[in-house]
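Novice:
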Amino acid sequence: MTKKAFITTLPSLIEIQCSSFCWFLTQGLDYSFQFLQPNIFLNFGINLMFWKKNYFFIHSKTNLREIKRYNSTFLIKIYIPITFFCSNSPLFFEGLTDELICIGEIPLITNNGTFIINGYEKIIIQQLVRCPGIYFSKDLITYTKTIYNLTIIPQTGTWLHLEMNMDQSLTICIDKSQKFNICNFFELFSFSKVDTFKKGLNFQNFSNYFENESVSLSLKQKASFRTIFKNHIFTQFFYNLGPIGRYKLTTEYAFLALFENQEIFTLKNLFQIIKYFQYLITIRANIDDFDSLKFKNVSTVGEILNFQFLASIKRLQRQFTSVLLDTPDPTVTNLISLFDSTLLISSFRTFFVSSRLVQFLDQTNILADLSHRRRLLVSSTSSAVNVSTKMRDIHSSFFGRLCPIETAEGNNIGLSAALSVYARTNKYGFIETPFFLLKDGFILFQFPAIYLTTYEEELYKVINFDVCVNSQGKILKKFLNIRYKNNSFICLSTEIQLISISSLQNFSIGTALIPFLEHNDSTRALMGSNMQRQAIPLLFSSKPIIGTGLELQVATSLGLKSFLAGHVFEVTHNCILISSIGNRLVRYFLQKFIKSNQNTCISYSPLVWKGEFVFGGQIIAETFGTKNGELSLGQNLLLAYMSWNGYNFEDSILINECLISLDVLTSLTISTFTINIQVIPNRSEFLTADLPFESFSQLKTLSSTGIIKKGTFIKPFDLLVGKVTRFTQDELFFYLLFSNISINKNISIGYNTSIYATSKCYGRVLDVITRSRENTPSLPLSIRHQIIIFFAQIRKIQVGDKLAGRHGNKGIISKILSSEDMPYLPNGKSIDLILNPLGVPSRMNIGQLFEGLLGFACSNFSTGVKILPFDEIFGDNSSRLLIHNYLYKAKKSTKLFWLYNKIIPGKIILRDGKTGNTFDNPILICKSYILKLIHLSAEKLTIRSTGPYSLITQQPVKGKSIIGGQRFGEMEVWALEAFGATYTLQEMLTLKSDDIIGRTHILESIMNNNLFLHLSLTESFKHLILELKALGLKISFYNNTTISF
75 MTKKAFITTL PSLIEIQCSS FCWFLTQGLD YSFQFLQPNI FLNFGINLMF WKKNYFFIHS
135 KTNLREIKRY NSTFLIKIYI PITFFCSNSP LFFEGLTDEL ICIGEIPLIT NNGTFIINGY
195 EKIIIQQLVR CPGIYFSKDL ITYTKTIYNL TIIPQTGTWL HLEMNMDQSL TICIDKSQKF
255 NICNFFELFS FSKVDTFKKG LNFQNFSNYF ENESVSLSLK QKASFRTIFK NHIFTQFFYN
315 LGPIGRYKLT TEYAFLALFE NQEIFTLKNL FQIIKYFQYL ITIRANIDDF DSLKFKNVST
375 VGEILNFQFL ASIKRLQRQF TSVLLDTPDP TVTNLISLFD STLLISSFRT FFVSSRLVQF
435 LDQTNILADL SHRRRLLVSS TSSAVNVSTK MRDIHSSFFG RLCPIETAEG NNIGLSAALS
495 VYARTNKYGF IETPFFLLKD GFILFQFPAI YLTTYEEELY KVINFDVCVN SQGKILKKFL
555 NIRYKNNSFI CLSTEIQLIS ISSLQNFSIG TALIPFLEHN DSTRALMGSN MQRQAIPLLF
615 SSKPIIGTGL ELQVATSLGL KSFLAGHVFE VTHNCILISS IGNRLVRYFL QKFIKSNQNT
675 CISYSPLVWK GEFVFGGQII AETFGTKNGE LSLGQNLLLA YMSWNGYNFE DSILINECLI
735 SLDVLTSLTI STFTINIQVI PNRSEFLTAD LPFESFSQLK TLSSTGIIKK GTFIKPFDLL
795 VGKVTRFTQD ELFFYLLFSN ISINKNISIG YNTSIYATSK CYGRVLDVIT RSRENTPSLP
855 LSIRHQIIIF FAQIRKIQVG DKLAGRHGNK GIISKILSSE DMPYLPNGKS IDLILNPLGV
915 PSRMNIGQLF EGLLGFACSN FSTGVKILPF DEIFGDNSSR LLIHNYLYKA KKSTKLFWLY
975 NKIIPGKIIL RDGKTGNTFD NPILICKSYI LKLIHLSAEK LTIRSTGPYS LITQQPVKGK
1035 SIIGGQRFGE MEVWALEAFG ATYTLQEMLT LKSDDIIGRT HILESIMNNN LFLHLSLTES
1095 FKHLILELKA LGLKISFYNN TTISF
């Protein structure tokens, strides 16, 4: 009995973004231009023709690197030809005027599916929305009375509601405001009782209603309501079902086929829908499940941008109308000036700056970059408070389409989702997932997998991947559990029609990278998938010993690939030149030490050598976070699950100091200094390297322009930019007077306003950018020049840094031990990390033990394992048997008999590094993949010296951004009391905290050089006294004199 591993090559993981934007440029703009109506000019004797099919684009020739360098936007300009014809002209050709109009500018997508806005890479989050169509529901009033509802949701326009009341009368309303009885509605359009029956409508008490003339509408009401329907429903400009709505009506409801090629919603369509509503009530149909993906589609990047463009076109149309009404005698020149491109530019600028769908691209590592592109926003509300639990919950239709694990944590849980690894969207935005065909119990491997939507999947009998098959692909079990029409059944294996293609089909790309996923609790799997995105790339990373087989796919999706096959002509540190077939040279530039949005380093290194033949699509360069073309975010480290003198209490971690000396967990971050040369009235600022009051060691690192040189290693308080602010005439006179300098000397002097490095700055200057108004038009008017210094900092592992595994097992480094003090194996090898064993059973993430034991076994004979999750399909206890076999194999191949013991498998007798004695009990040893998270203690450490005070309480503020300190609450005070820090506790109730009067007096004493003897009460103590008085206790404070309150 064997199991076929149905792992196929994943589809492009960023195809959705790029293909959707291409649809926007080719079809979306064409659709939007249809709303430019030229008939508004006919009343003025001018005819206008838009050549809507002949629009074209012009993009900037500046490369992406320069656009980022000078905070520009990567965009294209849209041009459309138009022709004016003056109907008052006696000759036709004399009245023609051809013009080329620039409609506006649109940000252009990059090859990786991102947008560069003001120098920053951004991403548009796709949204899961309820698709246009008709929805049937009912409200149970009592056990015998029910109200039926049918809602018509268009792509653009107001909602229509049909409601069957308890008295069996049918009403129709627009957006729950204008409500009509259906007979009143028929009366608006002059339909009689006989006409309704001819249409097939036979609701109860229709005849009674028509015979009752007292409820008839007046002529004025008829005209008013008829205008409302014609202007808001039966018009393409305001009401449109769209291609998605027409597709659903023609595929799911066969008798509504007339919607297929129809743009305008007509009265005939409404009759068909009312007839369908009557049919649903008659057969007592089940209500529609609004949470199913059958009724939801993905609003892609192209659709979101097309909506913005269409809104801008409609505003432009309204602007034409309003301006023409105010212009008594319009000319062609006046009309051309109406085409103001700033309308479209400002609309897209506002969208990319303030929309909640536009986010800064998460560039912490390559996995975070990729996962961010495949994220979906489930809820359309901006607040998470009003979102129900039902909306956040997992639905059965998510199978193979949305990941049930990966989502946001905390209050936003369930509001965002991630596409599964094999999921894709069709042209209507419905999510599809692949299946293999089955016939007579055999899997048809010779045929490609078919992609189905949720609606199409319900028409087949589908089985999950967890079945046993033989080598020929025959299902061995006779009866199996299947899914059919959104229900679960048991049927014969010969009747099954489809099977899913992989056990990873249900999960996102981040979750699918977790080995032994099935042995973890779902909440810890969620943490593991999220923390992989927070892993900072290391300087020296290694491939995981235990993987799932998708590491190569992730690196391939965003890696630098060769477009064409050919031979490598030349390789340098920043460029690869490939000679393709036909002697065509293709140059690939490598990004070197570029700052990401999260201050991590993006730097590519070549993987090919001169003369090598490369294929099309082959990876030719790798970046931090990948190694040999595979995803590599961490290091394989030797772990021990044991207690060590209480230093690893709770989630604390002990590490070996060799991890620091060998740079095992060392990372690189890139920071910036920004210096602005201001435009100051009555004085000026200028850069110079001639600073007479600075030492030679400070000035030697400056260039002739007064800016620090590239490659310089900077330390705290080093001079970065030499800057001088000139004196005014009055200041210069007094300066010369007190400095005994002759006024006849021609000198240029001013304040030394140079910029120095901060106290935490240790790094090397990578690049220096000088921006001016010529190369950066977006600079504020108050800034004449802007200097940006990029410097790289090496971050070694230290106490306070956060480490994590791939199973949600995370912790903070509490102590760094020397190699001699760490416990060591019988062969003398010391442990790298010590974890608390109590953190495993309470979290129920047993997968970390399976991964660690298998990794420890494989590390002894230098091999790696790619294992799929849910390997229990091979039989019961498959994971356990696999680990036993590998441990036994390691024992035999290395002849180290202490590696495996049948009685205590995986546990080894360790020796204490301090005493050399063995520990009392055997200890579990693992070789696990450990990630260093971006939550670095060096980035979070803040020290308050003389920072600001709160305006209301006059207490020191907290927060790093405002140079604040750490607020001490009740639990922090307990910690100080436990350590006996009496003097520190005393300082919390003195003038250093909120003794406002004492703070003022000590400042006066320092200024006057007097001894400070003033004593007063702090505001916290006063507040305590008032609280005690509120309890009925009279408290007084005595200190020589009585102070009462």
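Numbering (my numbering), first residue to last: 75 to 1119.
Glycine included, each C-beta is placed from N, C-alpha and C at the ideal position.
Computed from a predicted structure; not experimentally measured.
Roughly how many whole angstroms lie between the Cα atoms of Gln1029 and Tyr1023?
Specialist: To locate residue 1029, count along the sequence shown from 1; it is residue 955. To locate residue 1023, count along the sequence shown from 1; it is residue 949. For Gln1029 and Tyr1023, the distance between alpha carbons rounds to 5 Å.
Novice: Where Gln665 and Cys675 are concerned, what is the direct C-alpha to C-alpha distance, given to the nearest angstrom?
Specialist: On the sequence shown, residue 665 is found 591 positions in, with the first residue counted as 1. On the sequence shown, residue 675 is found 601 positions in, with the first residue counted as 1. Cα to Cα, the separation comes out at about 10 Å.
Novice: Specify, as a first and last residue, the run of the alpha helix (DSSP H) that Cys732 falls within.
Specialist: For the purposes of this step, residue 732 is taken as residue 658 along the sequence shown, with counting starting at 1. First-last of the alpha helix (DSSP H) with Cys732: 732–735.
Novice: In its own chain, which residues sit with a C-beta less than 6 Å from the C-beta of Glu704, not counting the 5 before and 5 after it?
Specialist: If you number the sequence shown from 1, residue 704 lands on position 630. Same-chain partners within the cutoff: Lys617, Glu625, Leu626, Ala629.
Novice: Helix, strand or coil, according to DSSP, for Ser1002 in the structure here?
Specialist: Indexing the sequence shown from 1 puts residue 1002 at position 928. The answer is strand: DSSP assigns Ser1002 an E or B state.
Novice: Have a look at Leu450 and Ile957 and give me their C-alpha separation to the nearest angstrom.
Specialist: The residue you call residue 450 lines up with position 376 of the sequence shown. The residue you call residue 957 lines up with position 883 of the sequence shown. Those two C-alpha atoms are separated by around 37 Å.
Novice: Leaving out five residues before and five after Leu681 in sequence, what residues of the same chain have Cβ atoms less than 8 Å from its Cβ?
Specialist: Residue mapping note: residue 681 aligns to position 607 of the sequence shown, counting from 1. So the list reads Ile693, Ile694, Ala695, Glu696, Asn702, Gly703, once near-sequence residues are dropped.
Novice: Using a threshold of 7 Å, is the CB atom of Ile215 nearer than that to any non-hydrogen atom of the ligand ZN?
Specialist: Of ligands this structure carries none, so the ligand ZN is not represented either.
Novice: What is the DSSP secondary structure of Ala878, reduced to helix, strand or coil?
Specialist: Position 804 of the sequence shown, counted from the first residue, corresponds to residue 878. Residue state, collapsed to three classes: strand.
Novice: Assuming the contact rule is C-beta atoms closer than 8 Å, Leu794 and Ala831 should be a hit. Round their C-beta distance to whole Å, please.
Specialist: Taking the sequence shown and counting its residues from 1, the one referred to as residue 794 is at position 720. Taking the sequence shown and counting its residues from 1, the one referred to as residue 831 is at position 757. Contact holds; Cβ gap of about 6 Å.
Novice: Quickly, what does DSSP pair Asn645 with across the bridge? List them, please.
Specialist: For the purposes of this step, residue 645 is taken as residue 571 along the sequence shown, with counting starting at 1. The sequence shown places Val at residue 645, rather than the Asn named in the question. Partner(s): Ile650.
Novice: How many Å lie between Leu1102 and Lys1096 at the Cα?
Specialist: One-based indexing of the sequence shown puts residue 1102 at position 1028. One-based indexing of the sequence shown puts residue 1096 at position 1022. Those two C-alpha atoms are separated by around 10 Å.
Novice: Can you tell me whether DSSP reads Ala1104 as helix, strand or coil?
Specialist: Within the sequence shown, the letter at position 1030 stands for residue 1104. Reduced to three states, the DSSP call for Ala1104 is helix.
Novice: May I ask you to report which of helix, strand or coil DSSP gives Met1045?
Specialist: Position 971 of the sequence shown, counted from the first residue, corresponds to residue 1045. Residue state, collapsed to three classes: helix.
Novice: Give me the Cα-Cα distance between Gln752 and His647, rounded to the nearest whole angstrom.
Specialist: Taking the sequence shown and counting its residues from 1, one reaches residue 752 at position 678. Taking the sequence shown and counting its residues from 1, one reaches residue 647 at position 573. Distance between the alpha carbons of Gln752 and His647 is about 38 Å.
Novice: Taking 8 Å as the threshold (C-beta atoms), are Phe124 and Ile156 in contact?
Specialist: Residue mapping note: residue 156 aligns to position 82 of the sequence shown, counting from 1. Residue mapping note: residue 124 aligns to position 50 of the sequence shown, counting from 1. A contact, by the Cβ cut-off of 8 Å.
Novice: If I follow the unbroken alpha helix (DSSP H) through Phe345, where does it start and stop?
Specialist: By 1-based counting over the sequence shown, the position of residue 345 is 271. That run of the alpha helix (DSSP H) goes 341–356.
Novice: Thinking C-beta only, is Ile537 closer than 8 Å to Ile573?
Specialist: Looking up residue 573 in the sequence shown gives position 499. Looking up residue 537 in the sequence shown gives position 463. Their beta carbons are under 8 Å apart, which means Ile573 touches Ile537 by this criterion.
Novice: Among Lys151, Thr1058, Lys127, which has the Cα closest to the Cα of Thr100?
Specialist: Residue numbering aside, residue 100 sits at position 26 when the sequence shown is read from its first letter. For Thr100, the nearest C-alpha among the options comes from Lys127.
Novice: Applying the criterion that 16 or more other CB atoms from any shown protein chain within 10 Å of the CB defines a buried residue, is Cys257 buried or exposed?
Specialist: Mapped onto the sequence shown, residue 257 falls at position 183. Looking at its Cβ environment, which holds 16 or more other Cβ atoms inside 10 Å, Cys257 is buried.
Novice: Determine the DSSP secondary structure at Ala1149, reduced to helix, strand or coil.
Specialist: Outside the displayed span of the chain (75 to 1119) sits residue 1149, for which this structure offers no information.
Novice: Going by Cα to Cα distance, which pick from Gly1033, Ile754, Gly980, Phe383 is closest to Thr416?
Specialist: Sequence index remark: in the sequence shown, residue 416 carries index 342 (1-based). Closest by alpha carbon: Phe383.
Novice: Just tell me which of Asp1069, Val541, Phe791, Thr325 has its CA closest to the CA of Phe369.
Specialist: Residue numbering aside, residue 369 sits at position 295 when the sequence shown is read from its first letter. Nearest C-alpha to Phe369: Thr325.
Novice: Is Ile1099 buried or exposed, if buried means 16 or more other CB atoms sit within 10 Å of its CB?
Specialist: The residue you call residue 1099 lines up with position 1025 of the sequence shown. When all chains shown are included, Ile1099 counts as buried.
Novice: From Ala1104 to Ser420, what does the alpha carbon distance come to, in whole angstroms?
Specialist: One-based indexing of the sequence shown puts residue 1104 at position 1030. One-based indexing of the sequence shown puts residue 420 at position 346. Straight-line Cα distance between these residues: approximately 58 Å.
Novice: Would the segment 491–498 count as touching the segment 573–590 if we require 3 or more Cβ pairs under 8 Å?
Specialist: Contact holds: three or more Cβ-Cβ distances are below 8 Å.
Novice: Confirm, please, whether the CB-CB distance from Lys1006 to Ala609 is below 8 Å.
Specialist: Looking up residue 609 in the sequence shown gives position 535. Looking up residue 1006 in the sequence shown gives position 932. Yes, they are a contact pair.
Novice: Just grab the DSSP bridge partners of Pro181 for me.
Specialist: Locating residue 181 in the sequence shown gives position 107, where the first residue counts as 1. The partner list for Pro181 (beta bridge, DSSP) reads Leu149.
Novice: Using CA coordinates, which residue listed in Ser936, Lys349, Leu909, Ser846 is at the minimum distance from Leu923?
Specialist: By one-based count along the sequence shown, residue 923 stands at place 849. Checking every option, the nearest Cα to that of Leu923 belongs to Leu909.
Novice: Go ahead and pull the three-state DSSP assignment for Tyr194.
Specialist: Indexing the sequence shown from 1 puts residue 194 at position 120. Of the three classes helix, strand and coil, the one that applies to Tyr194 here is strand, per DSSP.
Novice: Output the residue ranges of the beta strand (DSSP E) runs that lie fully inside the segment 902–938 and measure 3 residues or longer, sorted by chain position.
Specialist: Counting only runs of 3 or more, we get 907–909.
Novice: Keeping to the same chain, check which residues put their C-beta closer than 8 Å to that of Leu441; ignore five residues upstream and five downstream.
Specialist: Position 367 of the sequence shown, counted from the first residue, corresponds to residue 441. For Leu441, where only same-chain residues beyond five positions count, the Cβ hits under 8 Å are Ile583, Gly584, Leu587, Gln606, Arg607, Ala609, Val628, Gly699, Leu705, Leu707.
Novice: What did DSSP end up calling Gly96 once you bin it into helix, strand or coil?
Specialist: Taking the first residue of the sequence shown as position 1, residue 96 is located at position 22. It is Cys, not Gly, that sits at residue 96 in the sequence shown. Looking at Cys96 - three-state DSSP - the assignment turns out to be helix.
Novice: Return the bridge partner residues of Val660 from the DSSP annotation.
Specialist: As a position in the sequence shown, residue 660 is number 586, starting the count at 1. Answer is Ile652.
Novice: So, helix, strand or coil for Met123, using DSSP?
Specialist: Position 49 of the sequence shown, counted from the start, is the residue given in the question as residue 123. Residue state, collapsed to three classes: strand.
Novice: Could you check which residue in Pro790, Asn192, Lys797, Ile226 has the C-alpha nearest to that of Ser778?
Specialist: Position 704 of the sequence shown, counted from the start, is the residue given in the question as residue 778. The option with the nearest alpha carbon to Ser778 is Lys797.
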